[in-house]
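Encoded as structure tokens, the structure appears first; notes follow it.
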Amino acid sequence: MGSRYNRGRIWKWLIVLAGLGFYFIRNRVKLPFKKRGYFQEKTLNDSALEAEIEAIFLKVQDAWDKHDLRALSESYGDNLYEKHEKILQKMSDKGQINHTRSVVLDGITRYKEVKDNQFEVDLYFVAIDYLVSVNSGQIIAGNTQERRAFKQRWTFSGQKGALRVEKMKEFKI
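Here my numbering is used: position 117 in the sequence shown is 136, and no number is missing along the way.
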């Protein structure tokens, strides 16, 4: 009777240990069935649309780095333009400037039409992103040497050749 009891107990412990081993392997090793957090591919089937999105994206990053959104008046929706102007004004009032430099757009994925004449895409990019105090010149946040990975979902309106960014949403990756 005792040997039966011990064999059953051993099998239970082996199953528990195998389950724990699988859990640790799954969470530490990137397995193919795990969802990827960052894409380095452009999956749009329209190269002209892709090029226009990338041009607008780079224009936005450059304007943000310079703290001057006037060049974006044709590329921004009115609400987003006002929202970002307020953000820049608040930073300016605090004596801060946010820089985004050495920007590389690695991925454009998940094209999805959301409304009549509007669509969303996910943008994956790396950039040197940091916040500086205007008065002292010291870095408040970020890093001036290393690129950081970003994922954002941008909503565009309009037709090819006249796209406007209506919304931007950032995701943690």
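Every residue gets a Cβ at the ideal spot worked out from N, C-alpha and C, and that includes glycine.
* Should H191 and Q171 be called a contact, given that it needs their Cβ atoms to be closer than 8 Å? -> In the sequence under discussion, the amino acid at residue 191 is Lys, which differs from the His named in the question. Result no, Cβ atoms of K191 and Q171 do not sit closer than 8 Å.
* What is the residue span of the alpha helix (DSSP H) that K105 lies within? -> 97–112
* Asked: For the beta strand (DSSP E) that F144 lies in, which residues bound it at each end?
  -> 137–152
* Asked: If you draw a straight line from the alpha carbon of A82 to that of R129, how long is it in whole angstroms?
  -> 25 Å
* With respect to the beta strand (DSSP E) encompassing Q171, which residues constitute its N-terminal and C-terminal limits? -> 167–176
* To do: From the DSSP output, in three-state form, read off Q115 for me.
  => strand
* Flag this pair as yes or no: are the beta carbons of D84 and T119 separated by less than 8 Å? => yes
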